[in-house]
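So for the sequence shown, the numbering used here puts the first residue at 4; every next one is plus one.
All C-beta atoms in this analysis are idealised placements derived from N, C-alpha and C, irrespective of residue type, glycine included.
Here the structure is a predicted model, which is why all the values come from computation and not from measurement.
Heads up, the thing below is written out as structure tokens.
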Amino acid sequence: MSSFTDKGLVLSAIPFKESDRMIRILSRRNGIISAIVPGAGKMSSRNAACARPGVYASLTFSLSHSFHYVSESQVIESFMGIYESIEALTAMAHILEITSDLAINPENANDIFPYVIYSLHALSSNRRDYRLIVSVFEWKIMDVVGFSVDITPARMNSDPGYVFSFTSCSIRTGRCHTASRDELALLPGTYNALSYIRSATAEKMFSFHVTEDILDQLTYISRKYLCERLDKKYCKLDMLDQKPF
């Protein structure tokens with residue numbers, strides 16, 4: 004039985020057999036790893052803590068009968084602040100779902116990894132509106148995996164604003180604006196925010212604040228663009244609009 008140790012972020016955990024858990028882990032080195040955590044459904048299990056979505060841990064895997072089994076684990080970061088808010092929990096589930104869909108190979112996983120970790124850290128610290136954290140992640144991660152938007156550079160002269168085109172995947176000057184549902188006139192602050200996120204490192208991508216109207220526009224743009232490019236409706240956050248409190 005061969006074994007190896009790797010660090011990874013748990014993307015999902017589902018019951019397996021009577022008391023085990025099947026987990027999917029995002030590893031910078033190995034991409035997505037699926038593994039069984041024996042006994043993780045029991046509170047007394049020494050590996051139960053690593054069988055929870057959003058946990059970053061060091062894991063030792065053993066290979067048996069073509070399955071990976073977690074034999075040892077040590078939690079590196081649990082992001083416990085996320086569990087203090089239903090909004091943060093739902094946002095984390097949304098981010099992990101997107102990550103699971105995009106991390107299709109080790110190289111891709113390595114590129115995505117830091118942006119996921121810093122997004123969970125931002126949610127855990129509770130210093131930002133969860134909608135801003137989600138929008139920043141959505142916009143940044145699409146750029147990271149190759150769905151970049153062509154952004155017309157800002158000009159110093161009297162420019163008539165900017166327009167986001169979902170059809171051409173571009174941000175261009177307002178002179179090119181047409182009456183189309185696939186085009187949206189941007190608020191100046193939205194243009195600045197989208198440009199900043201595009202160029203920011205993982206460590207700095209949340210280092211700004213926006214007004215409510217700009218946040219509304221950012222949220223609309225990043226979600227619509229994500230869903231259209233990936234051809235999937237991500238709807239976990241819709242539950243927050245229906246909560247009875």
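Simplified DSSP assignment, three categories, for residue i
i, result
"residue 248", "Confidence at residue 248 is low in this model, with a pLDDT of 48, below 50, so the placement of that residue should be treated as unreliable; the coordinate-derived value is given next. Residue state, collapsed to three classes: coil."
"residue 237", "coil"
"residue 83", "helix"
"residue 201", "helix"
"residue 70", "strand"
When the options are compared against residue i, the one with the closest alpha-carbon
i, options, result
"residue 63", "21, 72, 119", "72"
"residue 188", "244, 221, 55", "221"
"residue 53", "70, 26, 33", "26"
"residue 126", "143, 89, 115", "89"
"residue 17", "38, 9, 31", "38"
"residue 120", "190, 108, 144", "144"
Beta carbon of residue i nearer than 7 Å to that of residue j
i, j, result
"residue 129", "residue 192", "no"
"residue 123", "residue 82", "yes"
"residue 230", "residue 236", "yes"
"residue 170", "residue 146", "no"
"residue 204", "residue 176", "no"
"residue 200", "residue 148", "no"
"residue 60", "residue 78", "yes"
"residue 22", "residue 42", "yes"
Residue interval of the alpha helix (DSSP H) (run including residue i)
i, result
"residue 104", "89-105"
Boundaries of the beta strand (DSSP E) in which residue i is found, first to last residue
i, result
"residue 62", "59-67"
"residue 168", "165-168"
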